[in-house]
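Working notes, beginning with the structure itself.
Residue numbers (my numbering): 5 to 202.
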């Protein structure tokens with residue numbers, strides 16, 4: 005989101021995070037801004053039974069963990085590398101200086117945080133009000149980009165969809181099959197595609 009050369013000009017450091025490495029634990033203090041150069045991280049919580057709920061998945065160019073950093077409260081979820089990843093890490097004082105010196109980046113930063121709030125509000129509504137079909141399509145449509153071909157590959161595994169929607173993986177598998185029968189999804193070589201009928 006923030007150009008890497010600008011981050012490095014404000015003394016951001018590159019950090020390598022091997023797959024499955026925890027960047028921070030739920031409850032830790034937020035001290036740095038993190039932006040992914042390459043790789044994928046997830047933020048998640050576990051309930052008392054050990055079931056994981058994924059709060060978000062973040063990829064190349066995206067940042068994570070800003071609300072606790074800006075609001076001065078502990079991380080509400082843990083962050084873990086899904087694959088080998090390289091991050092840019094900037095202390096909070098450096099982020100403040102960067103945003104004050106670059107109002108256009110500050111505006112983009114605010115827009116990004118607003119979209120994250122929209123996602124959180126959408127997920128709260130989905131999980132409290134809607135059936136599995138609606139939940140899965142909402143997640144798929146939120147993260148997908150409707151292409152001219154009226155079809156795109158869903159970038160999540162069945163397990164990740166379960167973790168993001170609060171459903172059991174078995175429910176996700178059954179629901180995907182139902183949505184395929186209804187023409188909303190296609191399964192091609194075990195991969196799931198969103199399909200818009202025209």
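Ideal placement from N, C-alpha and C gives every residue a C-beta, glycine not left out.
Between residue 94 and residue 182, what straight-line distance do the alpha-carbon atoms span, to the nearest angstrom?
About 46 Å.
Determine, for residue 122, whether the minimum Cβ-Cβ distance to residues of chain C falls below 9 Å.
As a matter of chain content, chain C is missing from the structure shown, which is built from one protein chain.
Can you give the Cα-Cα distance for residue 177 and residue 103, rounded to whole angstroms?
Rounded to the nearest angstrom, the two C-alpha atoms are 44 Å apart.
Tell me, which residues are paired with residue 143 by DSSP?
In the DSSP assignment, no residue is bridged to residue 143.
Who pairs with residue 6 in a beta bridge, going by DSSP?
Per the DSSP secondary-structure output, residue 6 pairs with nothing in a beta bridge.
Length at least 3, wholly inside the stretch 51 to 109: the beta strand (DSSP E) runs in chain order:
The stretch 51 to 109 is shown to contain whole beta strand (DSSP E) runs of 3 or more residues at 56 to 62, 82 to 85 and 89 to 95, in chain order.
Cβ-based neighbour list, residue 184, same chain, cut-off 7 Å, excluding 5 preceding and 5 following
By the criterion of a C-beta distance shorter than 7 Å, residue 184 is surrounded in its chain by 190 and 191, once the five residues flanking it on both sides are discounted.
How about residue 144 and residue 165: do their beta carbons lie closer than 9 Å?
Yes.
Of all the options 160, 120 and 148, which has the alpha carbon lying nearest to the alpha carbon of residue 67?
Nearest of 160, 120 and 148 to residue 67, Cα basis: 120.
Which residues bound the alpha helix (DSSP H) around residue 172?
Per DSSP, residue 172 is not a residue of any alpha helix (DSSP H), being assigned neither H nor E.
Could you check which residue in 197, 147 and 40 has the C-alpha nearest to that of residue 19?
Of the candidates 197, 147 and 40, the residue whose Cα lies closest to the Cα of residue 19 is 40.
Taking a contact to mean a Cβ-Cβ separation below 9 Å, would you say residue 171 touches residue 198 in this structure?
For residue 171 and residue 198, no; Cβs fall outside 9 Å.
Would you check if the stretch 9 to 26 and the stretch 66 to 86 touch, i.e. whether three or more CB-CB distances between them fall below 8 Å?
A contact between stretches requires three or more CB pairs, one per stretch, nearer than 8 Å, and the stretch 66 to 86 meets this requirement with the stretch 9 to 26.
Rounded to whole angstroms, what's the CA-CA distance from residue 10 to residue 60? Just pull it up for me.
The straight-line gap separating the alpha-carbon atoms of residue 10 and residue 60 is approximately 25 Å.
Can you give the Cα-Cα distance for residue 36 and residue 125, rounded to whole angstroms?
Distance between the alpha carbons of residue 36 and residue 125 is about 25 Å.
Just the C-alpha distance for residue 163 and residue 188, rounded to the nearest angstrom, thanks.
Looking at the two C-alpha atoms, the distance is approximately 19 Å.
Hey, how far is the Cα of residue 47 from the Cα of residue 154?
Between residue 47 and residue 154, the C-alpha separation is close to 30 Å.
Where do the N-terminal and C-terminal ends of the beta strand (DSSP E) with residue 39 fall, by residue?
Segment 36 to 42, the beta strand (DSSP E) holding residue 39.
When the distance is taken between beta carbons, is residue 107 closer than 9 Å to residue 30?
In this structure, residue 107 does not lie closer than 9 Å to residue 30 by Cβ.
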